[in-house]
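Trainee: Quick one: structure below, then a few questions.
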Amino acid sequence: MVTSSGVAAWRPPVPGIVEAYHAHLVEHAYPMHAHDSWTLLLVDEGTVRYDLHRHEHGALRSLVTLLPPHVPHNGTPVTPRGVRKRVLYLDPGQLGDDLVGLAVDAPTIDDPLLLRRIRQLHDSLLLPGDSLEAESRLTLVTERLRRHLGERTRKAEPVDHAKPAVRLRELLDEHLVEGITLRRAADLLHTHPAHLVRAFSGEFGTPPHRYLTGRRVDLARRLLLDGMAPRFAATAAGFYDQSHLGRHFKRVIGTSPARFARSGG
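Under our numbering, the letters of the sequence shown match residues 8 to 272, in that order.
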């Protein structure tokens, strides 16, 4: 379903799936950004190099990649012909917050059966009127993902919600559209603004303003796929205007908001 622009995205009518996204990327490199959903990635051609929680990883054709919500990551094709990939963004409740730490520690899964089931799930999403099949396949996929995460022997470090970086991330998510000033956040967290920026950048590998911009782009893409016009999606997602959205959307996604919205039509 990849279009001539190299990107196709749509909202399947399947509970638990926030978005389906197919892309062929040759030169575009994703900057550090985060989603509010689980990212289930298949690479059909090429290789992607990415950073997650200060560690470098690779997404390969033979592997399943699962990235947790709210944890920034980037992505760069490292093969001459670029990369063809398929992504399912899953509702956060599909796997649960208790598994985030385990996915951060080891986002790569080597399981041919799981790989085949995810491919079958993607195929079922392209068949109109077969939402029950897709929902059934999603159930099997999430069950196997849970099994893999649950079998990992090393106990993941619990998220320390008292850490300034984590609290700032929560504040940014809570004030996603209207925003919050650094001074106000520092006052609420009883720390110096400069310390807050350093702590956030050290913890998540990206500064607070880029995290917020990436989350706003993530919101805008959902609104666009729901049929909202780019000029309205821009302000609804916290951008100043359509031009402001367009500049950051192109940087993060690699295409314009209007073209992205049309890709699923």
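Just so it is clear, CB atoms sit at the ideal spot from N, CA and C, and this is done for glycine as well. Note that the coordinates shown come from a computational prediction; the quantities given were computed from them, not determined experimentally.
Taking all protein chains shown into account, decide if Phe239 is buried (16 or more other Cβ within 10 angstroms of its Cβ) or exposed.
Mentor: Residue numbering aside, residue 239 sits at position 232 when the sequence shown is read from its first letter. Exposed.
Trainee: Can you check whether the CB of Leu122 is closer than 8 Å to the CB of Trp45?
Mentor: As a working mapping, residue 45 is identified with position 38 in the sequence shown. As a working mapping, residue 122 is identified with position 115 in the sequence shown. Not a contact, by the Cβ cut-off of 8 Å.
Trainee: Could you tell me if Thr218 is buried or exposed, where buried requires 16 or more neighbouring beta carbons within 10 angstroms of its beta carbon?
Mentor: If you number the sequence shown from 1, residue 218 lands on position 211. In the sequence as displayed, the identity of residue 218 is Tyr instead of Thr. Flag for Tyr218 reads buried.
Trainee: Is it buried or exposed for Ala236, if we count other Cβ within 10 angstroms and need 16 for buried?
Mentor: Taking the sequence shown and counting its residues from 1, one reaches residue 236 at position 229. Its Cβ having fewer than 16 others within 10 Å, Ala236 is exposed.
Trainee: Please classify Asp130 as buried or exposed, where buried requires at least 16 other C-beta atoms within 10 Å of its C-beta.
Mentor: Taking the first residue of the sequence shown as position 1, residue 130 is located at position 123. When all chains shown are included, Asp130 counts as exposed.
Trainee: Is Pro99 closer than 8 Å to Asp43 when the C-beta atoms are compared?
Mentor: If you number the sequence shown from 1, residue 43 lands on position 36. If you number the sequence shown from 1, residue 99 lands on position 92. Going by C-beta atoms, Asp43 is nearer than 8 Å to Pro99.
Trainee: Whose CA, out of Tyr37, Ser69 and Met39, lies closest to the CA of Glu52?
Mentor: Reading the sequence shown from its first residue, position 45 is the one you call residue 52. Glu52 has its Cα closest to that of Ser69, out of Tyr37, Ser69 and Met39.
Trainee: Would you kindly work out how many angstroms separate the C-alpha atoms of Ser270 and Phe256, rounded to a whole number?
Mentor: Position 263 of the sequence shown, counted from the first residue, corresponds to residue 270. Position 249 of the sequence shown, counted from the first residue, corresponds to residue 256. If you take the alpha carbons of Ser270 and Phe256, they lie about 15 Å apart.
Trainee: Exposed or buried, what is His31 when buried is set at 16 or more other beta-carbons lying within 10 Å of its beta-carbon?
Mentor: For this step, residue 31 is matched to residue 24 along the sequence shown. His31 should be labelled buried.
Trainee: What are the uninterrupted segments assigned as beta strand (DSSP E) that are 3 or more residues long and contained completely in the segment 199-260, given in chain order?
Mentor: Segments of the beta strand (DSSP E) lying fully in the segment 199-260: there are none.
Trainee: Any idea if Pro87 is buried or exposed, counting beta-carbon neighbours within 10 angstroms, 16 or more meaning buried?
Mentor: Sequence index remark: in the sequence shown, residue 87 carries index 80 (1-based). It counts as exposed.
Trainee: Considering only the alpha carbon of each residue, which of Thr72, Leu183 and Leu74 lies closest to Gly221?
Mentor: Your numbering for residue 221 matches position 214 in the sequence shown. Measuring from the Cα of Gly221, the nearest candidate turns out to be Leu183.
Trainee: Return the first residue and the last residue of the beta strand (DSSP E) that Val50 is part of.
Mentor: Walking along the sequence shown from the start, residue 50 turns up at place 43. It spans Trp45 to Glu52 - the beta strand (DSSP E) in which Val50 sits, taken as one unbroken run.
Trainee: From Thr146 to Val14, what distance separates their C-alpha atoms?
Mentor: As a working mapping, residue 146 is identified with position 139 in the sequence shown. As a working mapping, residue 14 is identified with position 7 in the sequence shown. If I take the Cα positions, the gap works out to 26 Å.
Trainee: Checking the sheet assignment: what are the DSSP bridge partners for Val71?
Mentor: The residue labelled residue 71 in the question sits at position 64 within the sequence shown. Val71 is bridged to Leu49 and Ile116.
Trainee: Please specify which runs of the alpha helix (DSSP H), each continuous and at least 4 residues long, are wholly inside the segment 126-190, giving them in chain order.
Mentor: 138-158 and 171-181, all fully within the segment 126-190.
Trainee: Using the C-alpha atoms, what's the distance from Asp58 back to Glu210?
Mentor: Here residue 210 refers to the residue found at position 203 when the sequence shown is read from its first residue. Here residue 58 refers to the residue found at position 51 when the sequence shown is read from its first residue. So the two alpha carbons sit approximately 13 Å from each other.
Trainee: Do Gly212 and Arg61 have their beta-carbon atoms positioned less than 8 Å apart in this structure?
Mentor: For the purposes of this step, residue 61 is taken as the residue at position 54 of the sequence shown. For the purposes of this step, residue 212 is taken as the residue at position 205 of the sequence shown. Yes, they are a contact pair.
Trainee: Which two residues bound the contiguous beta strand (DSSP E) that contains Pro264?
Mentor: The sequence position of residue 264 within the sequence shown is 257, counting from 1. Taken as a continuous stretch (DSSP letters only), Pro264 belongs to no beta strand (DSSP E), being part of the alpha helix (DSSP H) at Pro264 to Arg269.
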